[in-house]
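In what follows, a structure is listed as structure tokens, so that the remarks can point back to it.
Number of protein chains: 2
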Amino acid sequence: MIPERTLTSELREHVGQRVRLMGWLHRLRAMGGVNFLLLRDRAGVAQAVLGPDDLAPLEGLHAETVLSVEGRVVESPQAPGGYELYEPQVEIISPVRDATPFALYKDRVRATIPVFLDHAVIGHRALERRAVLRLAAGVMAGFRKSLSALDFTEIQTPKLVGSATESGANVFAVEYFGRTAYLAQSPQFYKQIMVGVLERVFEVGPVFRAEPHATSRHLNEYVSLDVEFGFIRDHFDVMALLTTVVRGILDHLQETRAAELAVLSVDMPVLPESIPWIYFPDAQQMLHDRYGVKDAIGEPDLAPEHERILGQWAKEAHGSDFLFVVGYPMVKRPFYTHPSEADPRYSNSFDLLFRGLELVTGGQRLHRYEDYLAAAARFKYPPEPFERYFEAFKFGMPPHGGFAIGLERFLTQLLNLDNVRLATLFPRDIHRLEP
Amino acid sequence: MIPERTLTSELREHVGQRVRLMGWLHRLRAMGGVNFLLLRDRAGVAQAVLGPDDLAPLEGLHAETVLSVEGRVVESPQAPGGYELYEPQVEIISPVRDATPFALYKDRVRATIPVFLDHAVIGHRALERRAVLRLAAGVMAGFRKSLSALDFTEIQTPKLVGSATESGANVFAVEYFGRTAYLAQSPQFYKQIMVGVLERVFEVGPVFRAEPHATSRHLNEYVSLDVEFGFIRDHFDVMALLTTVVRGILDHLQETRAAELAVLSVDMPVLPESIPWIYFPDAQQMLHDRYGVKDAIGEPDLAPEHERILGQWAKEAHGSDFLFVVGYPMVKRPFYTHPSEADPRYSNSFDLLFRGLELVTGGQRLHRYEDYLAAAARFKYPPEPFERYFEAFKFGMPPHGGFAIGLERFLTQLLNLDNVRLATLFPRDIHRLEP
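Those protein sequence lines, which keep their order, are chains A and B.
To convert, take the position in the first sequence, counting from 1, and add 10; that gives this note's numbering.
To convert, take the position in the second sequence, counting from 1, and add 10; that gives this note's numbering.
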């Protein structure tokens with residue numbers, strides 16, 4: 011808010027003038043006679059050229075010192091961004107007297123994942139890391155923009171719930187005024203209920219999974235991009251909406267985050283006009299017949315290796331980085347899943363594979379009250395905690411469906427990251443609660 | 011996604027044509043010869059005129075039955091919205107065989123708050139309640155829009171934290187793989203840390219307060235609209251930004267939610283170009299001298315009654331529904347608060363009163379590492395859990411500040427609701443964890 015501040019990205023508009031940059035000492039390349047000070051602000055990095063006498067205020071200070079640098083803007087093709095500051099006057103805003111645990115100025119962070127995560131509060135300042143976080147914000151914005159344009163309303167549902175609604179396992183317990191509450195594993199019931207109120211809803215918010223395994227693909231807290239809407243014919247309407255949303259997100263990133271995509275050398279995926287789809291039993295048959303997978307047929311689910319092969323097939327046969335697998339067996343789907351009318355062993359549900367990894371699960375849900383009572387009985391759920399939710403179905407729900415995209419998983423695949431922990435600010439896993 | 015569906019708000023474009031509406035049976039006014047079926051969809055309510063024979067499919071069914079109604083559009087000044095359907099053909103999509111616990115078609119819900127909340131999963135379908143939820147979405151969208159235009163980046167910070175960072179009291183404990191985790195009371199530290207990465211950040215997300223009192227003003231889980239940004243001079247820069255954001259929210263509501271504001275007869279507040287402000291000791295002096303408040307002077311905080319009087323004064327003296335009270339005593343502010351340079355007994359912090367109620371707290375934060383170490387020692391905080399957060403300050407933070415707006419409290423004041431529980435989907439309080 012200091013009015014006379016100029017951003018590093020604005021130098022081209024001030025050639026020949028003196029301006030004031032403010033930011034962090036990204037790097038000091040002291041060469042003796044001519045020294046280069048790289049200053050980082052929210053817009054990027056710019057360089058100031060320092061003579062030997064200009065170095066005095068920086069004596070004993072380290073990278074990340076917060077600075078104000080005044081100087082005359084000169085066009086300079088070799089400088090980062092094409093402009094640099096001459097005759098600089100350097101002022102210290104916040105001095106740094108120690109070296110950072112690893113260098114933040116390099117193109118790629120050279121620290122192991124645990125070391126990086128231990129120091130993520132500063133590690134995220136690296137341009138590479140910052141780009142990931144800016145892209146995460148872009149995914150959320152693109153998601154909301156696509157849905158708002160289609161008359162969806164944003165909701166915020168409770169994260170403290172009275173009962174574990176999705177399944178009893180893998181839920182965190184909370185001491186709640188002498189009772190036990192649970193952390194919501196998903197907004198599933200709430201978003202369905204809200205179809206009865208607003209027809210079309212979405213939510214961006216945290217979900218909590220108490221899964222006790224430490225893999226490179228799981229987080230115990232992550233951001234879920236949830237959608238639910240009414241008056242659908244079946245799950246193909248849900249797939250059409252999901253295609254629109256994924257396209258909206260990718261377009262939004264290209265429109266507003268081109269610099270970050272370039273920093274990370276992101277290979278943008280191919281998303282055809284209409285994403286190819288394959289029926290679940292046909293996928294198994296093809297895995298067997300064409301790829302010699304022996305144990306595929308008859309299983310109720312696809313193994314990660316099967317998904318990988320199918321992803322490759324989608325790329326080769328359809329030129330697509332995305333593939334819908336449609337009609338998973340009912341036995342592997344949650345109790346609110348709508349069965350196929352034609353063959354009730356199979357469901358009106360789908361997975362969206364992105365480069366051979368399951369990215370989204372979605373489908374049509376049950377909408378009749380009687381169907382919920384029957385499903386709850388079949389799964390032996392006690393009626394009591396569910397009664398209040400089922401009230402929404404008792405009082406009229408249209409055919410509806412939806413999906414959920416895991417923000418961090420989407421970024422991991424899009425950016426080709428080694429570990430989902432690198433796709434979030436401060437990951438939570440079985441070993442890590444800090445920072 | 012059924013292509014031939016028309017919304018109730020689109021009838022004017024189809025006069026003379028047959029269209030198909032889909033939605034909920036809002037009300038059936040059976041008068042014998044001529045009957046009126048009110049159908050509600052996400053866009054509003056429209057009427058179909060039914061002859062005695064058209065009633066047959068509705069036999070035994072109740073309000074909230076999901077319907078498809080085909081009919082010819084006729085202009086009709088007495089009909090809701092100015093158009094109605096003639097020669098209707100009614101199809102039942104989801105029948106309802108019971109009466110709702112309270113009527114959902116009335117202008118105002120006539121149920122006590124506990125009864126309403128017990129049945130909120132359907133209660134929110136009332137137009138009045140739905141308008142509140144649509145306005146909540148509008149506040150979030152206006153907040154994000156204002157900040158995105160100023161180059162702020164959205165973040166999502168962890169809600170599971172390893173230690174109670176704000177204060178040890180009023181924090182929910184979570185069983186976390188054999189350890190104890192806590193639910194974040196605010197994203198305070200995280201948003202400050204992220205100033206070091208992105209300079210300007212905001213977050214929309216849940217916060218959790220284990221306050222054991224049941225008042226009409228408190229929730230144990232609510233949505234916090236958080237902002238933090240760097241390179242400020244002092245708290246007046248934060249107040250200027252907050253003014254811009256509140257204006258952005260109100261403008262966005264008027265641009266995009268005029269119908270909902272009308273449904274609730276909202277009296278839009280007066281927000282002057284610049285919100286008036288009063289220095290904390292001066293506010294106390296004025297309360298004493300002008301309003302005869304005996305116990306105001308010398309206290310470290312303002313009582314709700316004092317805030318009410320000050321709100322009235324702002325309205326009378328400045329024509330403003332908003333008032334900043336600036337420079338609260340340090341003793342009542344959290345340890346990260348930046349003191350005034352001129353008089354370190356007072357802080358560079360403020361409250362924003364909205365119609366005499368504290369709506370926002372904000373201010374400038376400490377930014378020097380030494381200041382954090384000193385403050386933590388003064389408050390006798392153990393260094394260990396804070397160390398990882400303080401690392402951000404050790405490695406260079408600019409002067410910065412921010413604020414947090416409670417979404418539900420803002421709505422409660424804006425809409426003049428009786429109880430903050432009516433400003434959220436499914437409130438959580440000491441007694442209520444469901445629905």
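Glycine included, each C-beta is placed from N, C-alpha and C at the ideal position.
Query raised in the report: Does the separation of the CB atoms of Gln-166/B and Val-214/A fall below 9 Å?
Result: yes
Query raised in the report: Under a three-way DSSP split, which group does Met-11/B fall into?
Result: Low per-residue confidence applies at Met-11/B: pLDDT is 35, beneath 50, and the placement is therefore not dependable enough to give any value.
Requested in this report: Entirely within the stretch 268-326 of chain A and at least 4 residues each: give me those alpha helix (DSSP H) ranges in chain order.
Outcome: 268-273 and 290-301
Query raised in the report: Which residue comes first and which comes last in the beta strand (DSSP E) that contains Gln-195/A?
Result: It is not in any beta strand (DSSP E) - Gln-195/A carries neither H nor E in the DSSP assignment.
**Report entry** Three-state secondary structure (DSSP) of Leu-427/A
**Finding:** coil
Requested in this report: Answer with buried or exposed for Asp-108/A, where buried requires no fewer than 16 other C-beta atoms within 10 angstroms of its C-beta.
Outcome: exposed
Query raised in the report: So His-328/B and Pro-286/B are in contact, right, with Cβ under 8 Å, and what is the actual spacing, rounded?
Result: 4 Å
Query raised in the report: Under 9 Å between C-beta atoms, does Asp-51/B make it to chain A?
Result: yes
Requested in this report: Examine chain A for any beta-carbon lying closer than 9 Å to the beta-carbon of Val-125/B, and answer yes or no.
Outcome: no
Report task. Starting from the beta carbon of Lys-404/B, find every residue of chain A whose beta carbon is closer than 8 Å, and list them in chain order. Result -> Val-106 and Asp-108
**Report entry** With 16 other Cβ atoms within 10 Å as the buried cut-off, status of Ile-132/A
**Finding:** buried
Query raised in the report: Cβ of Glu-270/B within 9 Å of Cβ of Val-142/B?
Result: yes
Report task. Compare the C-beta of Met-11/B with all C-beta atoms of chain A and state if any pair is closer than 9 Å. Result -> Residue confidence is low: Met-11/B scores 35 on pLDDT, short of 50, so the model does not pin down where it sits. No coordinate-derived value is stated.
Query - Leu-229/A - DSSP class collapsed to helix/strand/coil - result: coil
Report task. State buried or exposed for Asp-283/B, treating a residue as buried only when at least 16 other CB atoms are found within 10 Å of its CB. Result -> Sequence inspection shows Glu at residue 283/B; the Asp mentioned does not correspond to that position. Glu-283/B comes out exposed.
Requested in this report: Tell me whether Arg-210/A sits in a helix, a strand or coil according to DSSP, three-state version.
Outcome: strand
Query raised in the report: With respect to the alpha helix (DSSP H) encompassing Tyr-96/B, which residues constitute its N-terminal and C-terminal limits?
Result: Segment 93-104 is the beta strand (DSSP E) holding Tyr-96/B; no alpha helix (DSSP H) there.
Report task. Could you list the residues in the stretch 268-299 of chain B with a C-beta less than 7 Å from some C-beta on chain A, going in chain order? Result -> none
Requested in this report: Just grab the DSSP bridge partners of His-328/A for me.
Outcome: Paired residues: none, contrary to the question.
Report task. Grab the span of the alpha helix (DSSP H) containing Phe-153/B for me, first residue to last. Result -> 137-158
Query raised in the report: Interface residues of chain B around Trp-323/A at Cβ under 7 Å?
Result: Per Cβ cutoff of 7 Å: no residues; Trp-323/A is ~28 Å from chain B at best.
**Report entry** Cβ-Cβ separation, Ser-196/A to Pro-395/A (assumed contact under 8 Å), whole Å
**Finding:** Pro-395/A to Ser-196/A, Cβ: 16 Å. No contact.
Query raised in the report: Under three-state DSSP, which class holds Phe-360/B?
Result: strand
Query raised in the report: Can you list the residues of chain A that Arg-398/B reaches, using a CB-CB cut of under 7 Å?
Result: Val-131, Glu-444 and Pro-445
Query - Span separating the alpha-carbon of Gly-152/B from that of Ile-259/B - result: 4 Å
Query raised in the report: In terms of residues, what are the limits of the beta strand (DSSP E) holding Leu-48/B?
Result: 45-51
Query raised in the report: Given a threshold of 16 other Cβ atoms within 10 Å of its Cβ, counted over all protein chains shown, does Pro-13/B qualify as buried or as exposed?
Result: Confidence in Pro-13/B is poor, its pLDDT being 43 and thus under 50, which makes the residue's placement unreliable; the coordinate value appears in the next sentence. Counting Cβ neighbours within 10 Å, Pro-13/B comes out exposed, since fewer than 16 surround it.
Query raised in the report: Roughly how many whole angstroms lie between the Cα atoms of Ala-146/A and Gln-57/B?
Result: 45 Å
**Report entry** Where His-223/B falls, given that 16 or more other Cβ within 10 Å makes a residue buried
**Finding:** exposed
Query raised in the report: In terms of alpha-carbon separation, which member of Leu-31/B, Phe-112/B and Ile-102/B lies closest to Pro-124/B?
Result: Phe-112/B
Report task. Determine, using beta carbons only, whether Leu-193/B comes closer than 9 Å to chain A. Result -> yes
Requested in this report: Look at the alpha carbon of Leu-362/A and the alpha carbon of Leu-383/A, and state the distance between them as a whole number of angstroms.
Outcome: 29 Å
Query - Partners in chain B for Gly-152/A, counting only beta-carbon separations shorter than 7 Å - result: Within 7 Å Cβ-Cβ: nothing; Gly-152/A doesn't reach chain B, min ~12 Å.
Requested in this report: Flag Thr-167/B as yes if its beta-carbon sits less than 9 Å from any beta-carbon of chain A, otherwise no.
Outcome: yes
Query - Proximity winner among Phe-241/B, Leu-432/B and Arg-419/B, relative to Gly-33/A (alpha-carbon distances) - result: Phe-241/B
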